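Notes follow once the structure below has been shown.
In the working numbering, the protein residues as written are 1283 to 1567.
Structure, rendered in structure tokens:
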């Protein structure tokens, strides 16, 4: 069959356009298949999450607990509620909400009553000797238990005070290990010092008579000890038993750095969930 050479460009143009359309249709088909698969997977995940969340009874207190950061928290059956004695979010209705939330979601609940951890902070802010500050922190822990004993009676709940961790036979070695990392790891060292600086700025603004420039060396020393002590105890907790640490605040920068550092083995493998509180509209109404 003879080909009209004059019409050849038009034929080629139509063929090229036809191939482009086919290509677009093919891409569309691939896209639809891929998108459909992704949508189905997402729907499946949402259904699974929904089915698990539907297992929990509604929160009935004045406040509701809202998980913020820590997307895999539902995988754990053991939770450690980290308690800062004296903080308003660990008292009254907020504490009740936290306990109720945990009881409905975990098989085992450890109340980490971090009382004597506060001794160095008390010594600085109240100008006490460390021995007097320790006595005061222990009394604060005792008083907290008396105030809140009624909501801690469930068989799932175990209360562990701070001295248990720092008197554990493995604690001293872990503290030395973390202190060594502080001395050789510039990023961790800087993160810890940045935390100390931010503490100082915040508190010197609210309590300028206590946080004076001449007291900064003492503050730095006690804050460094506080953070290393806290970090070593958290490592010990996790080595003794894997669990989810829950606290209504962000993880400190220095500890976040250690979580991302893979050069020190399991030194700071910690599972952390930040929670927040919102008023329970049904209860408030």
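Yeah, the Cβ is synthetic: ideal placement off N, Cα and C, and Gly gets one too.
All values reported here derive from a predicted model rather than from experimental measurement.
For a quick check, are the C-beta atoms of residue 1363 and residue 1391 less than 8 Å apart?
It is a contact, given that the beta carbons lie within the stated cut-off.
Please determine if the region 1493 to 1507 and the region 1441 to 1457 are in contact, where contact requires at least 3 C-beta pairs separated by less than 8 Å.
No, the region 1493 to 1507 is not in contact with the region 1441 to 1457.
Can you tell me the Cα-Cα spacing of residue 1557 and residue 1409, whole angstroms?
Near 33 Å, if we compare the C-alpha coordinates of residue 1409 and residue 1557.
With distance defined between alpha-carbon atoms, name the residue in 1473, 1440, 1514, 1414 nearest to residue 1460.
Looking at the Cα atoms, 1514 is the closest of the given residues.
Taking all protein chains shown into account, do 16 or more other C-beta atoms lie within 10 angstroms of the C-beta of residue 1580, making it buried, or fewer, making it exposed?
For the chain, the structure presents residues 1283 to 1567; residue 1580 sits outside this window and is missing.
What is the rounded straight-line gap between the Cα of residue 1331 and the Cα of residue 1367?
Model confidence at residue 1331 stands at a pLDDT of 45, short of 50, so the residue's coordinates are unreliable and nothing is read from them.
By how many angstroms is the C-alpha of residue 1398 removed from the C-alpha of residue 1416?
If you take the alpha carbons of residue 1416 and residue 1398, they lie about 6 Å apart.
By how many angstroms is the C-alpha of residue 1487 removed from the C-alpha of residue 1427?
The straight-line gap from Cα to Cα measures roughly 32 Å.
To the nearest whole angstrom, what separates the beta carbons of residue 1343 and residue 1562, a pair I think is in contact under 8 Å?
About 6 Å separates the two Cβ atoms, so the contact holds.
Count the other CB atoms within 10 Å of the CB of residue 1525; is the residue buried (16 or more) or exposed (fewer)?
So residue 1525 ends up on the buried side.
What is the rounded straight-line gap between the Cα of residue 1439 and the Cα of residue 1393?
Their backbone Cα atoms lie some 7 Å apart in a straight line.
Distance check for residue 1401 and residue 1491, CA to CA, integer angstroms please.
Rounded to the nearest angstrom, the two C-alpha atoms are 20 Å apart.
Within 10 angstroms of its Cβ, does residue 1350 collect 16 or more other Cβ (buried), or is it exposed?
Classification for residue 1350: exposed.
Please tell me whether residue 1457 and residue 1509 are closer than 8 Å, where the distance is taken between their beta carbons.
For residue 1457 and residue 1509, no; Cβs fall outside 8 Å.
Just mark residue 1484 as buried or exposed, buried being the case when its beta carbon has 16 or more other beta carbons within 10 Å.
So residue 1484 ends up on the exposed side.
Taking the alpha carbon of residue 1468 as the reference point, which residue from 1531, 1433, 1539 has its own alpha carbon closest?
It is 1539.
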